[in-house]
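*Asks:* In terms of my numbering, the sequence shown opens at residue 2 and continues consecutively. Where a beta carbon is used, it is the ideal one built from N, C-alpha and C, also for glycine.
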Amino acid sequence: MSSTTNGQWYPPEWPDRIRALANGELTPAEPRRAATVLLLQDGSGGPAVHMLRRRASMAFAGGAYAYPGGSVDPRDERPVAWAGPSRAQWAVRMGVDPATAQAIVCAAVRETFEEAGVLLAGTSADTVVADTTGEDWERDRAALVAHELSFADFLGRRGLVLRSDLLGAWARWITPEFEPRRYDTWFFVAALPEGQRTLPQGGGTPIASSEADLAVWIRPEEAAAGYDRGELLMMPPTIATLRGLQPYATAADALAAAEAQDLTPVLARARLVNGAIELSWPGHDEFTKHITQNDAATGAPGGGGPDGPSDSPGPSGGTPT
């Protein structure tokens with residue numbers, strides 16, 4: 002059973018895996034590329050962010066709050082109609098090759114549609130779809146979720162152009178080397194397009210998703226406060242990106258700020274210190290943990306610093322990181 006410190010999800014198997022890695026007994030898995038989107042909507046008190054709660058039955062971070070997101074599909078590299086910054090420009094911004102940049106951006110847009118019902122695309126470079134409700138849209142969304150339809154074919158069939166200018170790259174987190182399932186997850190920000198609305202989740206409403214049971218719009222500072230009180234369960238990248246949104250008064254402000262965000266990958270470090278484990282995320286001291294042998298036996302992280310309250314990718318449910 003997972004443990005928490007404040008609202009931070011903490012898998013009990015981490016200590017054993019960390020020690021195995023330190024002793025050379027564990028070979029790190031290759032991380033899969035993933036993308037997740039912090040979808041924003043302006044309100045009277047400032048922007049709110051769309052979050053999904055992972056089903057409690059999920060093996061990975063069950064009950065944790067995350068953003069829409071998931072793994073890159075190899076088919077996300079297929080040619081699509083494209084508007085906004087070019088693939089080459091995205092490649093420079095992200096520090097990857099153009100094909101990889103397209104795949105990650107496509108995954109971000111695709112996963113947002115699959116998990117939230119919001120589509121960052123239009124019939125031209127300066128339009129965006131105003132309504133994605135209806136049985137025909139739901140059939141296509143279900144086919145995308147089931148991998149029966151590629152995103153390129155979906156856009157092509159509907160004559161749609163991907164609006165890469167509606168996204169801003171915000172952060173990059175890589176799942177720690179001691180995790181069996183690893184993701185290299187890119188976080189983006191985007192504003193909810195006018196006229197569109199997010200899917201309902203929970204309440205008996207059937208949707209083409211098996212990962213989330215609740216969807217909420219919540220102001221970043223309110224979500225962070227819930228995490229600090231131990232009421233909202235989150236993984237480090239989720240709460241870190243929430244805190245990063247707090248200074249911005251509008252969704253447009255956050256999108257403008259994305260251009261200056263540091264995309265240096267955040268990768269947790271684990272080392273043995275006098276038999277105890279020190280686990281840290283560079284640049285994010287609130288997540289530092291000191292785990293003793295006794296802590297490992299009880300499944301609880303030890304003291305020694307402010308333990309902050311997943312994907313995925315991401316809820317990859319959002320962000321499997």
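1) Helix, strand or coil, according to DSSP, for F1 in the structure here?
2) Return the chain-ordered list of same chain residues with a C-beta closer than 8 Å to the C-beta of A21, the five sequence neighbours on each side being excluded.
3) Hey, how far is the Cα of D214 from the Cα of L234?
4) With respect to the alpha helix (DSSP H) encompassing T242, which residues constitute its N-terminal and C-terminal limits?
5) Comparing C-alpha positions only, which one of L145, R198 and F288 sits nearest to G118?
6) Any idea what DSSP makes of F155, helix, strand or coil?
7) I'd like to know whether the C-beta atoms of T113 and F188 end up nearer to each other than 8 Å.
8) Could you check where the beta strand (DSSP E) with E212 kicks off and where it finishes?
9) Work out the CA separation of R79 and Q103 for me, nearest whole Å.
10) Secondary structure at R220, three-state DSSP: helix, strand or coil?
11) Kindly indicate the opening and closing residues of the alpha helix (DSSP H) around L256.
12) Grouping DSSP H, G and I as helix and E and B as strand, with all else coil, what is Y66?
13) Report yes or no: do the stretch 141-151 and the stretch 212-227 share at least 3 C-beta pairs separated by less than 8 Å?
14) Per DSSP, what kind of secondary structure is S281 in: helix, strand or coil?
15) What three-state label does DSSP hand Q42 in the structure shown?
16) Here's the rule: buried if 16 or more other CB atoms are within 10 angstroms of the residue's CB, otherwise exposed. What is T134?
17) So what's A102 in DSSP terms, helix, strand or just coil?
18) In its own chain, which residues sit with a C-beta less than 8 Å from the C-beta of L246, not counting the 5 before and 5 after it?
19) Under 8 Å by Cβ, that's how I've got A35 and T186 pegged, so tell me the actual separation to the nearest angstrom.
20) Would you kindly check if the distance between the Cβ of R164 and the Cβ of A84 is under 8 Å?
21) Where does E136 fall in DSSP's three states?
22) Between E116 and L53, how many whole angstroms is the CB-CB distance? I'm expecting something under 8 Å.
*Replies:* Taking the definition as stated:
1) Because the chain in this structure spans residues 2 to 322, residue 1 falls outside the shown range and cannot be described.
2) L27 and F179
3) About 14 Å.
4) Start and end: P237 to L246.
5) R198
6) Three-state result, F155: helix.
7) Contact flag unset, no.
8) Premise fails: E212 is in no beta strand (DSSP E) and is neither H nor E.
9) 9 Å
10) coil
11) Membership of L256 in the alpha helix (DSSP H) is indicated by the continuous run A252 to A259.
12) strand
13) no
14) strand
15) strand
16) exposed
17) Note: A102 maps to helix in three-state DSSP.
18) L39, L41, P48, V50, V190, P221 and A255
19) 4 Å
20) yes
21) helix
22) 7 Å
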